[in-house]
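Participant:
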Amino acid sequence: FSVTGKLTYRNDDEANDGIVGSYGKNSTIKNIWIEHTKTGMWIENSYHLKISGCRMRNTIADGINFCVGMRASTIENCSTRGTGDDCFAIWPTVRGQQAYKPGFNRIVHCTGQLPFLANGGALYGGQSNKIEHCAFIDISQGCGILISSTFPVAGQGIDNNFSGTTVVKDCYIKGCGGFDHYWDWSAAVEICPDKRSI
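In terms of our numbering, the sequence shown opens at residue 482 and continues consecutively.
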């Protein structure tokens, strides 16, 4: 199954993502190919969701982003190429109603290549999230892996800053790290306590 868009610009206020929304408990998204949309997948408020065997190509923004209220969910055996923002991201923001306390999410056995902006695997907060057994290749304007408190994860009486044990393990990094004209220099693997501690 494929989703093939024709998007040539980015407007974050427009609903032109490949797959978006909340998927409750124990759902599966499998074997989807998404091209030329804003994000490939922008997922919120899901518990024990499994995304596997999916391909994101030439998106204007993120490949796959676990955003508001994501818990115990996995992105597995997926690949991205030519994204316009993070290839894979976990960002437990509180911009919307949070159904589950975010944490214990995994990005595993995934490959991110050639984004024209941002990073391969990015963790922006939450409890005990993991990036394991992944490959990030030719990311010249960003990090192969970024652990950062740059983006907001607190508000409305909720604080989703880093807690527990964040794990990055057994990943392959090649040709990553460089100069991003918006953010400055990036390392191949970077821990960035920007707005808050980690």
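Where a beta carbon is used, it is the ideal one built from N, C-alpha and C, also for glycine.
When you compare only the Cα positions, how much space is there between residue 487 and residue 625?
Facilitator: If you take the alpha carbons of residue 487 and residue 625, they lie about 28 Å apart.
Participant: Where DSSP assigns a beta bridge to residue 503, which residues make up the other side?
Facilitator: 525
Participant: Tell me the DSSP bridge mates of residue 492?
Facilitator: In DSSP, residue 492 forms no bridge with anything.
Participant: Just to confirm, are residue 681 and residue 629 a CB contact at a threshold of 9 Å?
Facilitator: Because the chain is modelled from 482 through 679, residue 681 falls outside the range shown and cannot be assessed.
Participant: Report the rounded CA-to-CA distance for residue 422 versus residue 522, giving the unit in angstroms.
Facilitator: Absent from the model: residue 422. The displayed extent of the chain is 482 to 679, so no value can be given.
Participant: Grab me the residues of residue 594's own chain with a C-beta within less than 6 Å of its C-beta, minus the 5 sequence neighbours each way, in chain order.
Facilitator: 562, 618, 619
Participant: Judging by CA-CA distance, which residue of 584, 565, 673, 564 is the nearest neighbour of residue 572?
Facilitator: 584
Participant: Taking residue 675 as the reference, which of 598, 639, 604, 649 has the closest Cα?
Facilitator: 604
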